[in-house]
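Residue numbers (my numbering): 28 to 397.
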């Protein structure tokens with residue numbers, strides 16, 4: 028009877044033999060296998076048929092990024108094309124899902140067409156090429172598969188996905204997605220994206236084009252008839268510490284002050300308070316959508332302000348429509364829609380700058396145009 032079990036030190040000789048047969052150009056040593064198993068540096072699973080080792084997989088977890096990495100995966104040559112690889116791979120993916128890993132990533136020799144075909148057929152996408160990766164100086168294709176998706180049967184609504192058309196219009200693109208969902212007509216989305224940016228920008232970038240501020244986005248949404256509520260953790264003009272030029276700071280203050288006064292005249296609710304997960308859950312439960320300002324550091328190690336649209340939440344994940352396709356260029360728009368972010372990672376990303384500004388523009392359906 029074939030079974031999948033955790034490897035033991037007694038399996039090391041057989042593992043090393045299979046490794047040498049499968050990867051003669053870059054084989055792991057017995058010492059490496061012992062270290063993985065004895066010190067718990069990775070999970071090593073074997074496919075065992077009554078004491079005969081048919082295959083194995085080594086997996087490492089990166090908790091900070093919720094990435095599971097398949098460090099090595101092999102099926103004995105004579106046992107291939109019998110379903111053993113699919114069974115072992117499915118087992119590893121389920122383990123990663125239980126650890127709330129969002130993605131499984133692995134490297135395959137660029138000229139190993141059999142292995143590439145195997146993983147491609149099981150949903151893995153090419154995301155990059157690493158030159159001079161293996162010991163024989165050959166290149167590796169980097170493959171990745173998303174493991175978690177939003178349960179659309181539990182919440183059947185589907186917020187449409189739009190990609191921002193410039194590097195500086197993430198806020199307007201997020202607002203356009205919400206407008207489209209709530210039934211507001213978009214006659215020329217690319218032009219409207221730029222119009223929204225022109226209205227909502229606060230010139231807080233240190234170089235290049237300015238980005239949109241929370242008051243400006245809320246004002247632009249209200250102007251188009253949407254029901255709007257703004258939560259912001261700091262009073263008055265914000266993000267002033269993101270620029271050093273005094274003249275820019277003065278312009279930022281004037282623009283934001285005008286937005287703040289316009290929101291007051293329109294009686295748009297502005298809560299100078301933190302926006303907690305409980306409030307987010309309540310707003311989503313009421314059918315609203317939420318545009319939030321995040322720092323991209325948790326995802327790409329660069330501290331950049333970025334607006335995303337929150338579409339759903341469950342016990343484990345916050346689901347977002349991220350308008351920036353550069354973050355996930357290998358994925359289709361459908362895969363970038365309702366992108367799952369672990370709640371703890373989102374909590375760390377929600378906020379920007381040295382003062383940890385938290386801003387949420389809560390949107391609902393207001394007055395639709397005739």
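Note that the Cβ used here is the ideal one computed from N, Cα and C, for glycine as well.
In this text the structure is predicted, and so the values were computed from the model without any measurement.
Residue i, enclosing alpha helix (DSSP H) - first and last residue
i: residue 373; result: 370-376
i: residue 186; result: That residue, residue 186, is in no alpha helix (DSSP H); it is neither H nor E in DSSP.
i: residue 47; result: 39-49
i: residue 144; result: 140-148
i: residue 56; result: Neither: residue 56 is in no alpha helix (DSSP H) and is coded neither H nor E.
i: residue 124; result: 111-125
i: residue 25; result: Absent from the structure is residue 25, since the part of the chain shown begins at 28 and ends at 397.
Which listed residue (the options) has its alpha carbon closest to that of residue i
i: residue 32; options: 285, 223, 307, 119; result: 119
i: residue 350; options: 173, 195, 294; result: 195
i: residue 345; options: 309, 333, 368, 323; result: 368
i: residue 134; options: 86, 293, 106, 276; result: 86
i: residue 171; options: 145, 191, 275; result: 145
i: residue 249; options: 393, 76, 216, 263; result: 393
i: residue 258; options: 62, 202, 295; result: 295
i: residue 225; options: 209, 64, 244; result: 244
i: residue 209; options: 78, 158, 314, 102; result: 314
i: residue 191; options: 320, 221, 136; result: 221
i: residue 84; options: 113, 78, 379; result: 113
i: residue 275; options: 254, 237, 117; result: 237
i: residue 59; options: 40, 75, 74, 300; result: 40
i: residue 251; options: 206, 267, 270; result: 206
i: residue 55; options: 38, 99, 298, 75; result: 99
i: residue 348; options: 62, 290, 187; result: 187
i: residue 331; options: 307, 140, 270; result: 270
i: residue 69; options: 102, 76, 122, 241; result: 122
i: residue 156; options: 142, 65, 136; result: 136
i: residue 141; options: 164, 168, 292; result: 168
i: residue 176; options: 198, 143, 128; result: 128
i: residue 395; options: 139, 79, 211; result: 211
i: residue 76; options: 375, 166, 106; result: 106
i: residue 407; options: 74, 132, 79, 138; result: Because the chain spans 28 through 397 in this model, residue 407 falls outside it and cannot be assessed.
i: residue 153; options: 159, 281, 143; result: 143
i: residue 289; options: 273, 277, 300, 263; result: 263
i: residue 73; options: 38, 65, 255; result: 38
i: residue 293; options: 273, 254, 307; result: 254
i: residue 242; options: 160, 285, 267, 78; result: 285
i: residue 124; options: 93, 147, 150; result: 93
i: residue 256; options: 117, 306, 79, 149; result: 306
i: residue 365; options: 151, 111, 204; result: 204
i: residue 185; options: 311, 352, 334, 42; result: 311
Residues bridged to residue i [DSSP beta-bridge criterion]
i: residue 73; result: 32, 83
i: residue 256; result: 389
i: residue 99; result: 85
i: residue 170; result: 133, 153
i: residue 366; result: 347
i: residue 239; result: 228
i: residue 221; result: Answer by DSSP bridge pairing: none, since residue 221 is not bridged.
i: residue 384; result: 379
Beta-carbon gap between residue i and residue j smaller than 8 Å
i: residue 287; j: residue 317; result: no
i: residue 384; j: residue 265; result: yes
i: residue 200; j: residue 189; result: yes
i: residue 162; j: residue 52; result: yes
i: residue 261; j: residue 382; result: yes
i: residue 81; j: residue 44; result: no
i: residue 213; j: residue 247; result: no
i: residue 109; j: residue 48; result: no
i: residue 319; j: residue 387; result: yes
i: residue 279; j: residue 323; result: no
i: residue 321; j: residue 379; result: yes
i: residue 95; j: residue 71; result: no
i: residue 343; j: residue 375; result: no
i: residue 3; j: residue 131; result: Lying outside 28 to 397, the shown extent of the chain, residue 3 is not represented and no answer is given.
i: residue 57; j: residue 101; result: no
i: residue 61; j: residue 36; result: yes
i: residue 126; j: residue 151; result: no
Check: residue i C-beta below 7 Å from any heavy atom of the ligand PLP
i: residue 297; result: Among the ligands in the structure shown, none appear at all, so the ligand PLP cannot be discussed.
Where are the alpha helix (DSSP H) runs, 4 residues long or more, that stay fully inside the region 261-348, in chain order?
With a minimum length of 4 residues, the continuous alpha helix (DSSP H) runs that stay inside the region 261-348 are 273-292, 304-312, 324-327.
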